[in-house]
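For the sequence shown, the positions run 1 to 384 when full-length UniProt numbering is used. A short worksheet on the structure shown next.
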Amino acid sequence: MAESSAQEKTEEATPKRKLDSRKKGQVPRSKELQTFTSLLAAGFAMLLFGKSIVDGLTTSLQESLSFEREFAFSESVLPMQMLSATQGFVGLLAPLFVILFIASMMSSMVLGGWIFSFSQVQPKFERLNPLKGLAKIFSIKSLIELPKSIGKFTLVAGVVVFVLNLALEDIFALSLQPIMSALSSAGMLMIWCFFGFSSVLIVVVAIDVPVQLWEYRKQLKMTKQEIKDESKETEGRPEVKSAIRERQQQFARQRMMAEVPTANVIITNPTHFAVALRYEQNGSFAPKVVAKGQDLVAARIREIGSENGVVVFSAPPLARALYASTDLNQEIPANLFIAVAQVLAYVFHLQNALASNGKRPVAPGELPIPSEYSSVVTRGGTEP
Numbered sequence: 001m002a003e004s005s006a007q008e009k010t011e012e013a014t015p016k017r018k019l020d021s022r023k024k025g026q027v028p029r030s031k032e033l034q035t036f037t038s039l040l041a042a043g044f045a046m047l048l049f050g051k052s053i054v055d056g057l058t059t060s061l062q063e064s065l066s067f068e069r070e071f072a073f074s075e076s077v078l079p080m081q082m083l084s085a086t087q088g089f090v091g092l093l094a095p096l097f098v099i100l101f102i103a104s105m106m107s108s109m110v111l112g113g114w115i116f117s118f119s120q121v122q123p124k125f126e127r128l129n130p131l132k133g134l135a136k137i138f139s140i141k142s143l144i145e146l147p148k149s150i151g152k153f154t155l156v157a158g159v160v161v162f163v164l165n166l167a168l169e170d171i172f173a174l175s176l177q178p179i180m181s182a183l184s185s186a187g188m189l190m191i192w193c194f195f196g197f198s199s200v201l202i203v204v205v206a207i208d209v210p211v212q213l214w215e216y217r218k219q220l221k222m223t224k225q226e227i228k229d230e231s232k233e234t235e236g237r238p239e240v241k242s243a244i245r246e247r248q249q250q251f252a253r254q255r256m257m258a259e260v261p262t263a264n265v266i267i268t269n270p271t272h273f274a275v276a277l278r279y280e281q282n283g284s285f286a287p288k289v290v291a292k293g294q295d296l297v298a299a300r301i302r303e304i305g306s307e308n309g310v311v312v313f314s315a316p317p318l319a320r321a322l323y324a325s326t327d328l329n330q331e332i333p334a335n336l337f338i339a340v341a342q343v344l345a346y347v348f349h350l351q352n353a354l355a356s357n358g359k360r361p362v363a364p365g366e367l368p369i370p371s372e373y374s375s376v377v378t379r380g381g382t383e384p
């Protein structure tokens, strides 16, 4: 039972799954939306350009059929006449084709967006498998499409009957009108048919678009195992990630230890915490933390500092405050300036005394640590 539930696609698609699907050209599409926009665009195009198109086609047709008798038997003149007529027809119909093309592109942008994928045009021999073809015919999607097609046909047929009943007298009157007037009336009748079909398709589109989005989401759903596999693929296995993180921490610690000899002072807890500070009088505005650690790392910092002649100063409250409030390569906070300044002044005087065999200065006593650091625990924090 647990294995069966693990294989059920109950999880929503991840962003990677959606992106991979889009790269393969799998996006939600609605044929009904494209049909609706095409019919609506055709109706408006005929309404705007219908008269000029009909007039132009009539004139072009008359001109192409009006020629001298001997031209009909000429192998050079007649093809040129037909080519000229064809070019005229294409030029007249070009606005209609452009509007239909724009409408088709806009419908694609509304649902699914513009996309081009080579995977959809690559030959796939499994598409020739008759068993898969039969499976598609009797699939759930086909069962959904069947009532939708029947409903759409019924609606469109009803509109056709309704429009024909309304315009029945006008249709019969076409035979009594002059040819140009009849063409104009037939064109207007066709335009209203386009608008009628479009109005019916609004209902179909309002149903089909949510259905297509639902089917697309259902198709992209994933099993829990697929989620885990994708996470391993993109982020790596947990044990590998842990090893990489540990290795990164080790490299960071090595870089930090290499900075300890450059410090001016190491302030300690004295055993649990150690913070190494460097102050460049002509450089940074405030002292900077070049290394910090606790327990074994703190002991290693003290050891490296002692080996390189760095002064180790025991000031537990200050060490805890610096450790809790400052990150590596970060300047100390302003409210610790006075306390650190007293320590650095002592260190510089001590170094001068040792260099000149002079009298050792007196170490500062209680340092001014702000009360906000009184709650800093003795142990804790995060190792760099």
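No residue lacks a Cβ here, since even glycine has one placed at the ideal position from N, Cα and C.
{"Query": "Helix, strand or coil at residue 27 [DSSP, three-state]", "Result": "coil"}
{"Query": "8 Å CB neighbourhood of residue 18 in its chain, flanking five on each side removed", "Result": "220"}
{"Query": "Environment of residue 42 [buried if 16+ CB atoms lie within 10 Å]", "Result": "buried"}
{"Query": "Whole-angstrom distance between residue 270 and residue 314, CA atom to CA atom", "Result": "5 Å"}
{"Query": "Whole-angstrom distance between residue 264 and residue 347, CA atom to CA atom", "Result": "8 Å"}
{"Query": "For residue 181, the three-state DSSP class (helix, strand or coil)", "Result": "helix"}
{"Query": "Helix, strand or coil at residue 330 according to DSSP, with G and I counted as helix", "Result": "coil"}
{"Query": "Counted within 10 angstroms of its Cβ, other Cβ atoms place residue 1 as buried (16 or more) or exposed", "Result": "With a pLDDT of 44 at residue 1, under the threshold of 50, the modelled position of this residue cannot be trusted; read the value that follows with caution. So residue 1 counts as exposed."}
{"Query": "Chain-order list of residues whose beta-carbon lies under 6 Å from that of residue 103 (same chain, five-residue window excluded)", "Result": "37, 38 and 41"}
{"Query": "Buried versus exposed, by CB contacts within 10 Å (16 or more), residue 10", "Result": "exposed"}
{"Query": "Exposed unless 16 or more other CB atoms sit within 10 angstroms - verdict on residue 359", "Result": "exposed"}
{"Query": "Burial state of residue 106 (16 or more Cβ within 10 Å)", "Result": "exposed"}
{"Query": "Bridge partner(s) assigned by DSSP for residue 37", "Result": "DSSP output for residue 37 lists no bridge partner at all."}
{"Query": "Distance between residue 306 and residue 372 (C-alpha atoms, nearest Å)", "Result": "32 Å"}
{"Query": "Cβ neighbour criterion (16 or more within 10 Å) applied to residue 244", "Result": "exposed"}
{"Query": "Candidates 208, 159, 218 and 193: closest to residue 149 by CA position", "Result": "208"}
{"Query": "Proximity to residue 16 [Cα-Cα], best of 58, 229, 185 and 246", "Result": "229"}
{"Query": "From 216, 274 and 183, residue whose alpha carbon lies closest to that of residue 295", "Result": "274"}
{"Query": "DSSP bridge partner residues for residue 294 (one or two, in chain order)", "Result": "273"}
{"Query": "Terminal residues of the beta strand (DSSP E) in which residue 312 lies", "Result": "311-314"}
{"Query": "Span of the beta strand (DSSP E) around residue 385", "Result": "Because residue 385 is not part of the residues shown, which for the chain are 1 to 384, the question remains open."}
{"Query": "Test item: CB-CB of residue 401 and residue 302 under 8 Å", "Result": "Outside the shown range of the chain (1 to 384) lies residue 401, about which nothing can therefore be said."}
{"Query": "Three-state secondary structure assigned by DSSP to residue 63", "Result": "helix"}
{"Query": "Own chain partners of residue 163 with C-beta closer than 6 Å, once the 5 adjacent residues on each side are dropped", "Result": "193 and 196"}
{"Query": "The ligand COA heavy atom lying under 7 Å from the CB of residue 60", "Result": "No copy of the ligand COA occurs in the structure displayed, which carries no ligand at all."}
{"Query": "Bridge partner(s) assigned by DSSP for residue 266", "Result": "276 and 312"}
{"Query": "Cβ pair residue 88, residue 52 closer than 8 Å", "Result": "no"}
{"Query": "Spatial neighbours of residue 14 in its chain, beta-carbon cut-off 8 Å, leaving aside the 5 residues before and after", "Result": "222, 227 and 230"}
{"Query": "Residue 260 beta carbon less than 8 Å from that of residue 286", "Result": "no"}
{"Query": "Residue 228 (DSSP reduced to helix, strand or coil)", "Result": "helix"}
{"Query": "Residue closest to residue 205, alpha-carbon to alpha-carbon, out of 158, 300, 35 and 24", "Result": "35"}
{"Query": "For residue 11, three-class secondary structure by DSSP", "Result": "strand"}
{"Query": "Stretch-stretch touch, CB-based, cutoff 8 Å, three pairs: the segment 169-189 with the segment 19-28", "Result": "no"}
{"Query": "Under 8 Å between C-beta atoms of residue 321 and residue 344", "Result": "no"}
{"Query": "Whole-number beta carbon distance between residue 33 and residue 111, since they are thought to touch under 8 Å", "Result": "6 Å"}
{"Query": "Coil, strand or helix - residue 289 by DSSP", "Result": "strand"}
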